[in-house]
Amino acid sequence: MKVAITGAARGIGLATARALKAKGATVVIGDIDEEAVKKAAAELGVRGVKLDVTDRESFTNFLAEAGDYDVLINNAGIMPIGPVLGETDDDARRCFDINVHGVMLGTKLALEKFVPAGRGHVVNIASLAGVLPTPGLALYNGSKAAVVIFSEATRQEVKKHGVHVSVVMPSFTNTELIAGTRSPKGQKNCEPEDIAAAVVSVIARPRPQTTVPAKFAAQIALMGLIPQKVKDLVSHRLGLDTIFLEFDHGARKSYDERIRS
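Residues in the sequence shown are numbered consecutively from 2, following the working numbering.
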């Protein structure tokens with residue numbers, strides 16, 4: 002099996018590359034940070050390629066480097082946080098260009114190969130934020146909600162061709178994306194390796210959606226039956242209503258500068 006992974010110089014993408022290589026897969030990783038992706042690739046013993054997921058030529062070249070790949074994992078993403086009125090137009094465009102259009106572009110390019118062949122698997126890394134709106138996370142919520150719906154609609158469209166499309170929705174994960182924030186009360190953060198294990202599982206046994214931790218799947222399914230006042234109360238008790246509004250700007254500075262560069 003040959004797998005191409007975007008945004009894989011660090012975090013979930015890197016952990017996933019490591020997990021798949023350990024399973025015997027041939028892995029090619031891409032990332033906008035050329036120095037970081039080359040270093041990560043050298044450490045893993047895989048091929049690393051500079052990749053801008055917002056650019057068709059760059060994405061096409063990346064997939065050409067991956068050769069006869071069987072799986073594309075669209076993992077690249079950024080997470081600006083803070084109040085809606087603090088979100089700049091540039092932040093909004095960049096977030097959607099990477100998180101949404103990057104996923105759409107990668108998916109379409111992969112399907113151009115997979116559909117005629119009658120096989121292949123696209124795995125899109127979304128987030129529980131795509132189904133659980135949270136104050137201070139509106140921009141990211143919107144982008145990941147788009148990934149969830151896009152992935153499901155695409156899955157329904159191409160399943161008749163023998164092609165799989167899956168979406169993986171992690172909860173709070175210990176990566177740079179949550180720098181400077183705190184965890185919800187009573188909740189233990191996931192590790193990148195937890196998400197990687199879920200991706201390995203969904204490739205081995207394709208299914209439309211996977212949540213990490215898995216226990217959240219039932220809760221999400223029941224969300225439509227819960228009155229909004231109850232949802233708001235639970236959010237407040239868990240501290241979700243302030244986590245992305247009251248955070249350590251200093252601890253987040255490095256990440257914020259990198260995603261805006």
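Idealized CB from N, CA, C, for every residue including glycine.
Identify every residue that forms a DSSP beta bridge with residue i.
| i | result |
| --- | --- |
| His165 | His122 |
| Thr27 | Lys3 |
| Asp92 | None; Asp92 has no bridge partner. |
| Val213 | Pro171 |
| Ile74 | Ile6, Val124 |
| Asp242 | In the DSSP output, where bridge partners are listed per residue, Asp242 has none listed. |
| Asp32 | Lys51 |
Is it the case that the Cβ atoms of residue i and residue j are separated by a distance below 8 Å?
| i | j | result |
| --- | --- | --- |
| Pro81 | Ile260 | yes |
| Val127 | Lys109 | Here the sequence assigns Ala to residue 127, which means Val is not the residue at that position. Going by C-beta atoms, Ala127 is not nearer than 8 Å to Lys109. |
| Ile196 | Val72 | no |
| Ser167 | Thr135 | no |
| Ile30 | Val47 | yes |
| Ile13 | Asn76 | yes |
| Ala41 | Ala20 | no |
| Ala1 | Gly181 | What the structure shows of the chain is the stretch from 2 to 262, and residue 1 is not part of that stretch, so it cannot be assessed. |
| Tyr141 | Ala154 | no |
| Val124 | Val38 | no |
| Val116 | Phe151 | no |
Do you know offhand how far residue i's Cα is from residue j's?
| i | j | result |
| --- | --- | --- |
| Val4 | Pro228 | 42 Å |
| His237 | Val28 | 42 Å |
| Lys160 | Glu44 | 36 Å |
| Ala222 | Leu133 | 11 Å |
| Gly240 | Lys186 | 6 Å |
| Lys51 | Ile79 | 17 Å |
| Leu178 | Asp69 | 32 Å |
| Val169 | Glu66 | 25 Å |
| Pro214 | Ser172 | 7 Å |
| Ala139 | Glu36 | 31 Å |
| Gly49 | Phe60 | 13 Å |
| Lys189 | Gly137 | 20 Å |
| Cys191 | His162 | 34 Å |
| Ser255 | Met2 | 36 Å |
| Ala111 | Leu64 | 8 Å |
Applying the 10 Å Cβ sphere with the 16-neighbour rule, what's the burial state of residue i?
| i | result |
| --- | --- |
| Gly107 | buried |
| Thr17 | buried |
| Leu86 | exposed |
| His165 | buried |
| Asp257 | buried |
| Asp7 | It should be noted that the sequence gives Thr, not Asp, for residue 7. Buried, because 16 or more other Cβ atoms sit within 10 Å of the Cβ of Thr7. |
| Val231 | exposed |
| Thr176 | buried |
| Gly225 | exposed |
| Val235 | exposed |
On the DSSP letters alone, give me the boundaries of the alpha helix (DSSP H) that residue i sits inside.
| i | result |
| --- | --- |
| Arg57 | 57-67 |
| Ser202 | 193-205 |
| Ala180 | Neither: Ala180 is in no alpha helix (DSSP H) and is coded neither H nor E. |
| Asp233 | 229-239 |
| Ile150 | 139-159 |
| Lys189 | Counting along the chain, Lys189 falls outside any alpha helix (DSSP H), and DSSP gives it neither H nor E. |
| Ala37 | 35-45 |
| Asp257 | 250-261 |
Tell me the residue span of the beta strand (DSSP E) that contains residue i.
| i | result |
| --- | --- |
| Gly49 | 48-51 |
Does residue i have its Cβ less than 8 Å from a Cβ in chain B?
| i | result |
| --- | --- |
| Val159 | Protein chains in the displayed structure number just one, and chain B is not present. |
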